[in-house]
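Going line by line, the protein sequences match chains A and B.
Whatever position you read off the first sequence (first residue = 1), add 46 for this note's numbering.
Whatever position you read off the second sequence (first residue = 1), add 390 for this note's numbering.
Built from N, CA and C at the ideal position, the CB exists for glycine as well.
Being a predicted model, the structure only gives us computed values, none of them experimental.
To keep things clear, I will list the structure first and then write my remarks on it.
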Amino acid sequence: KAGVTQTPRYLIKTRGQQVTLSCSPISGHRSVSWYQQTPGQGLQFLFEYFSETQRNKGNFPGRFSGRQFSNSRSEMNVSTLELGDSALYLCASSKELYQETQYFGPGTRLLVL
Amino acid sequence: SQQGEEDPQALSIQEGENATMNCSYKTSINNLQWYRQNSGRGLVHLILIRSNEREKHSGRLRVTLDTSKKSSSLLITASRAADTASYFCATVLNTGGFKTIFGAGTRLFVKA
Numbered sequence: 047k048a049g050v051t052q053t054p055r056y057l058i059k060t061r062g063q064q065v066t067l068s069c070s071p072i073s074g075h076r077s078v079s080w081y082q083q084t085p086g087q088g089l090q091f092l093f094e095y096f097s098e099t100q101r102n103k104g105n106f107p108g109r110f111s112g113r114q115f116s117n118s119r120s121e122m123n124v125s126t127l128e129l130g131d132s133a134l135y136l137c138a139s140s141k142e143l144y145q146e147t148q149y150f151g152p153g154t155r156l157l158v159l
Numbered sequence: 391s392q393q394g395e396e397d398p399q400a401l402s403i404q405e406g407e408n409a410t411m412n413c414s415y416k417t418s419i420n421n422l423q424w425y426r427q428n429s430g431r432g433l434v435h436l437i438l439i440r441s442n443e444r445e446k447h448s449g450r451l452r453v454t455l456d457t458s459k460k461s462s463s464l465l466i467t468a469s470r471a472a473d474t475a476s477y478f479c480a481t482v483l484n485t486g487g488f489k490t491i492f493g494a495g496t497r498l499f500v501k502a
């Protein structure tokens, strides 16, 4: 089985722009979670999607949003980028909602200049 | 503050030695998980221990859980250079929705 894939792997944007990141979960997995990882704040939960609905949300501003498609693929969007949004964005999938074991993708490294 | 906090922050050992990392958490849990992350990549799930378990083994990994002290430890025996990575503990909080909370991690460096 193919693992979780994320595209693009690297991205450079400037302040004020917006960005969309994509995540394809493992085949058969219906839950997708997103995390932001920075040296200062560590790994922080952004949101979780299941059956095309956001089920859980972390403490991030409304500039961070996401969606899930009927094939379980997910995208996250960050609008009006700030320098502090520079981070590794990780996507994780699991079979069902609230699954204990998550399978992570390689991440998208975003640099905001 | 984070639900899970690991210590030490960094650990450097020789190949063949054992490495022990600790994790403390604040609220009651159903389970605790350990993940490994190689430099700047995705996380790999290592082991899950439930709140009614005290110890669990998986290959060279041994995890203990002390719910009275709200702490867990991960022991890697006979370490190898390939074990060089960051190790994170994770717990799930139910705050009107389930969120996986990761600790700050322990950076392990195994010298060949």
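Per the DSSP calculation, residue i is bridged to which residue(s)?
i	result
B:ASP397	B:ASN412
A:VAL65	A:VAL124
A:ASP131	In DSSP, A:ASP131 forms no bridge with anything.
When the distance is taken between beta carbons, is residue j closer than 9 angstroms to residue i?
i	j	result
B:LYS501	B:SER429	no
A:LEU92	A:GLY112	yes
B:SER489	A:GLU94	Rather than Ser, the amino acid found at residue 489 of chain B in this sequence is Lys. Yes, these two residues count as a Cβ contact at 9 angstroms.
B:GLY495	B:GLU407	no
B:LEU464	B:TYR477	yes
A:SER120	A:SER68	yes
A:GLN64	A:THR126	yes
A:GLU146	B:GLN423	yes
Under 7 angstroms Cβ-Cβ, which residues of chain B neighbour residue i?
i	result
A:LEU144	Residue identity differs from the one stated: residue 144 of chain A is Tyr in this sequence, not Leu. Those within 7 angstroms of A:TYR144 in chain B are PHE488.
Any beta-carbon of chain B closer than 9 angstroms to the one on residue i?
i	result
A:GLN114	no
A:PRO71	no
A:GLN90	yes
A:ASN102	yes
A:GLY130	no
A:VAL124	no
A:GLY153	yes
A:GLU121	no
A:SER111	no
A:SER68	no
A:GLU98	no
A:SER79	yes
A:ALA48	no
Note down, in chain order, every chain B residue with its Cβ under 9 angstroms from the Cβ of residue i.
i	result
A:GLN82	In chain order: nothing, as chain B lies at least about 11 angstroms away.
A:PHE150	TYR425, GLN427, ARG431, GLY432, LEU433, VAL434 and HIS435
Residue i touches chain A at which residues, Cβ-Cβ below 9 angstroms?
i	result
B:ASN421	GLU146
B:PHE478	GLY88 and LEU89
Within 9 angstroms of any Cβ in chain A, is that where the Cβ of residue i sits?
i	result
B:ARG431	yes
B:VAL500	no
B:VAL482	yes
B:LEU401	no
Residue i touches chain A at which residues, Cβ-Cβ below 8 angstroms?
i	result
B:ALA494	GLY88
B:ILE491	PHE91
Mind checking whether the beta-carbon of residue i lies closer than 8 angstroms to any heavy atom of the ligand ZN?
i	result
A:SER97	As presented, the structure is devoid of all ligands, the ligand ZN included, so that no description of it is given.
Would a check of beta-carbon distances place residue i closer than 9 angstroms to chain E?
i	result
A:PRO85	Judged by its chain identifiers, the structure shown contains no chain E, and its protein chains are A and B.
In chain B, which residues lie less than 8 angstroms from residue i when you measure between Cβ atoms?
i	result
A:LEU134	GLY430
Quiz prompt | Members of the stretch 436 to 454 of chain B near chain A, C-beta cut-off 7 angstroms | solution = LEU438
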